[in-house]
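Top line first, the protein sequences correspond to chains C and F. Counting in my numbering, the first sequence runs from 1337 upward without gaps. Counting in my numbering, the second sequence runs from 307 upward without gaps. Heads up, the thing below is written out as structure tokens.
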Amino acid sequence: MTDATTGSGTSPRDLTRLTAVRMADGLAAGEFTSVELTQAHLDRIERLNPALNAFLLVDADGALAAARAVDEARTAGEELPRLAGVPVAVKDIACTQGLTTTAGSRMLEHFVPPYDATIVTRLRDARMPILGKTNMDEFAMGSSTEHSAFGPTRNPWDLERIPGGSGGGSSAAVAAFLAPLAIGSDTGGSIRQPAAVTGTVGTKPTYGGVSRYGVIALASSLDQIGPCARTVVDAALLHEVLAGHDPLDSTSIDAPVPPVVAAATGTRDLTGLRVGVVKEISGKGFQPGVLTRFQEALDHLRALGAEIVEVSCPHFVYAMAAYYLILPSEASSNLARYDAMRYGLRVAPDGSPSAEQVMATSRDAGFGDEVKRRIILGTYALSSGYYDAYYGQAQKVRTLIADDFRAAFEQADVLVSPTAPTTAFRIGDKMEDPMAMYLNDIATIPANLAGIPGMSIPSGLADEDGLPAGIQLLAPAMEDQRLYAVGAALEARLAQEQGGPVIDRLPEVPETAPEPGRHTAAGTTQEGTA
Amino acid sequence: MSNLSRDDVAHVAMLARIQLEDHELDRLAGQLDQIVDWVGQVNEVAAADVPPMSHPLPLVNVTRPDEVRPSLTAEQALANAPDAEDGRFGVPRILDEE
Chain C
1337 MTDATTGSGT SPRDLTRLTA VRMADGLAAG EFTSVELTQA HLDRIERLNP
1387 ALNAFLLVDA DGALAAARAV DEARTAGEEL PRLAGVPVAV KDIACTQGLT
1437 TTAGSRMLEH FVPPYDATIV TRLRDARMPI LGKTNMDEFA MGSSTEHSAF
1487 GPTRNPWDLE RIPGGSGGGS SAAVAAFLAP LAIGSDTGGS IRQPAAVTGT
1537 VGTKPTYGGV SRYGVIALAS SLDQIGPCAR TVVDAALLHE VLAGHDPLDS
1587 TSIDAPVPPV VAAATGTRDL TGLRVGVVKE ISGKGFQPGV LTRFQEALDH
1637 LRALGAEIVE VSCPHFVYAM AAYYLILPSE ASSNLARYDA MRYGLRVAPD
1687 GSPSAEQVMA TSRDAGFGDE VKRRIILGTY ALSSGYYDAY YGQAQKVRTL
1737 IADDFRAAFE QADVLVSPTA PTTAFRIGDK MEDPMAMYLN DIATIPANLA
1787 GIPGMSIPSG LADEDGLPAG IQLLAPAMED QRLYAVGAAL EARLAQEQGG
1837 PVIDRLPEVP ETAPEPGRHT AAGTTQEGTA
Chain F
307 MSNLSRDDVA HVAMLARIQL EDHELDRLAG QLDQIVDWVG QVNEVAAADV
357 PPMSHPLPLV NVTRPDEVRP SLTAEQALAN APDAEDGRFG VPRILDEE
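As structure tokens, then:
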């Protein structure tokens, strides 16, 4: 684990370059205060967020007040949690009391939650200053953050490219050193794919491992909250802050949290570990540079003592189709709550409209194209006469995919694949072709369908474009610690072989964004011509 | 083969209470037809005797003790309402005009 300051030519006082572990240690040792640390991040956000659009809201006062309280408690000799004073960013999908929470949608542009999500309460209990709320595809529907109603987030590696999605705000913030840690949500890859294309680490825990109370729902049988970080051990520390049973979430697992921090800081020797390469998601249609880094990662795993075996999950070829029936069906039901009556946008047509007409007009005005596409698709898949052929059949395919995983985990302790088929694509490239956008998540979706945990760590930079690629690790349900043990060992080996962590090769982030791409212009004029 | 016509999309959109404008229908109808055709692949899988999976966890009837606990005040609950009156949500008419 490299935990010294990263990058050359940075001032030793550039606190934002430290890992979260190093920040926590520095705070505990009195090398700097949480106010200094938090202010350093706020300064960097102020300088770079206009170009990146990673944060939709920055809560400087709230973050500094929390930091000051931690510093005072520390001076008073109070015993504090490990990450006390280390700032964090929260995806705008989690409710924060008194802080506008939009889910990237016009529908909730002015929504101020009256309560905190459980995960936000846990961050506050861990005494972590909350820097603000990060941008996302509207209601987490997308793989590029271009579907945000508030403009796309830009990838700090290349401002003309996407930072992944739906959690592109969180991944860009962590990659650009605007925050050491961030919260993401992963329904089909929205933590892992953004991590892959920004050279960062992201984990989707076991389904039910982290509470979703107060998190705006997309597809309830798939959604999971997890950590975004720059190193595996940093992710593990945040994972343990977030995870654990919550009586307010009926789908939360009432069992001990997997020991992820111990795993991330344990042995680097993988002797005897069986690593399965999933044939169906590790080749066809993947960018050559992504595959090269993946093959090298397999060699490194071998060098660490692991045995590599090929496994086949024959039903994975149907995972995308099943997912794009199950997700829209559940989303169409979850998003029915935006009825313009109790909260959210209300737009009334002229005259004396009925409640029903007001609902329909408001939902047309408040939702973007991708949300409309998925609600309509889901409504259709659930409608009488089509249910058996679409939603019902997709649920059966889901069973077969979970069975494929069960069989694969009899041959291997963890499974691996590239996280995403390509490096970050250009803003605007896939906006007119929803199906091309969907294919970004081909390797991440099966884990959500089965409810198992997954992690993405950087595998290096692709030769053809110099952009980050990711390797995905998958483990059986409630075996999240396996991801952290293997992830930390591979991360250390890759850093050793590649001359340092991938994130150290991040170029200087420009303070101004290039001219708006096609999408930015189109996205702000929803009433424009088709 | 077209699965989903422009009229079908308009109908389903109204079931979902979304009043699409004409130019939106023009754009979305073709895309949705293509997507419906593609997701229909799930029917290539012989799964007649496979049980459906609705959820990853085998949970049933998770309940909590039926105890009175603090909740939002009326003011908090109404704070985000587009319209409120006398401690209640203000809504448009729900009956026909005649």
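Where is the CB? At the ideal position from N, CA and C, for every residue including glycine. This one's a predicted model, so the numbers in the text were calculated from it and none came from an experiment.
Residues are counted here when their Cβ sits less than 7 Å from a Cβ of chain F; for the stretch 1727-1753 of chain C these are G1728, Q1729, A1730, Q1731, K1732, V1733, R1734, T1735, L1736, A1738, given in chain order.
Note that the stretch 1354-1371 of chain C touches the stretch 1396-1413 of chain C; at least 3 beta-carbon pairs, one per stretch, sit closer than 8 Å. Taking the CA atoms as reference points, C:G1836 sits about 33 Å from C:I1429.
Counting along the chain, C:S1506 sits inside the alpha helix (DSSP H) bounded by residues 1504-1511. In this structure C:K1620 is exposed. Its beta-carbon is surrounded by fewer than 16 other beta-carbon atoms within 10 angstroms. Among the bridge pairs identified by DSSP, C:F1391 is matched with C:T1470.
Counting only Cβ-Cβ distances below 8 Å, C:F1703 has contacts in chain F at I324, in chain order. Against chain F, the CB of C:V1448 has a partner CB under 8 Å away; the residue lies at that interface. Taking 8 Å as the cut-off, the beta carbon of C:A1508 is found no closer than this to the beta carbon of C:R1497. Distance from the Cα of F:Q382 is smallest, within the candidate group C:R1678, C:I1519, C:H1377, C:H1483, for C:R1678. Interface criterion met: the Cβ of F:P357 is under 8 Å from a Cβ in chain C. Per the coordinates, the alpha-carbon of F:E327 lies some 13 Å from the alpha-carbon of C:Q1693. Judged by DSSP secondary structure, C:L1810 falls within the beta strand (DSSP E) whose first and last residues are 1804-1810. Taken atom to atom, the span from the alpha-carbon of C:S1557 to that of F:P362 is near 7 Å. Checking the DSSP bridge columns, you'll see C:P1563 partnered with C:I1519. Interface residue (Cβ-Cβ distance to chain C less than 8 Å): F:P398 is classified as such.
When the alpha-carbon of C:L1775 is set against those of F:P388, F:V356, F:W344, F:G393, the nearest one is in F:W344. Inclusion of C:G1503 and C:C1564 in the CB contact set at 8 Å is warranted, their separation being smaller than that value. Residues of chain F with a Cβ closer than 8 Å to the Cβ of C:S1668 are, in chain order, A322. A contact between stretches requires three or more CB pairs, one per stretch, nearer than 8 Å, and the stretch 1442-1451 of chain C fails this requirement with the stretch 1722-1740 of chain C. Residues of the stretch 1665-1698 of chain C whose Cβ lies closer than 9 Å to any Cβ of chain F, in chain order: S1668, L1671, A1672, D1675, A1676, M1677, R1678, Y1679, G1680, L1681, R1682, A1684, P1685, S1688, P1689, S1690, A1691, E1692, Q1693, V1694, M1695, A1696, T1697, S1698. C:P1417 and C:T1780 have their C-alpha atoms spaced approximately 33 Å apart. When C-alpha distances from C:E1632 are compared across C:V1752, C:V1577, C:V1653, the shortest belongs to C:V1752. Around the beta carbon of F:Q337, 16 or more other beta carbons sit within 10 angstroms, so the residue counts as buried. Residues of chain F whose Cβ lies closer than 7 Å to the Cβ of C:A1658 are, in chain order, V348. Under the Cβ distance rule, F:E391 does not count among the residues neighbouring chain C, no pair being separated by less than 8 Å. Contact of F:S360 with chain C by beta-carbon distance below 8 Å involves S1557, Q1731. The Cβ-Cβ distance between C:G1562 and C:G1538 falls below 8 Å. Of all residues in the stretch 1570-1592 of chain C, those with a C-beta nearer than 8 Å to a C-beta of chain F are P1583, S1586, T1587, I1589, reading in chain order. Look at F:A387: its C-beta is under 8 Å from a C-beta on chain C. The DSSP-derived three-state label of C:D1452 is coil.
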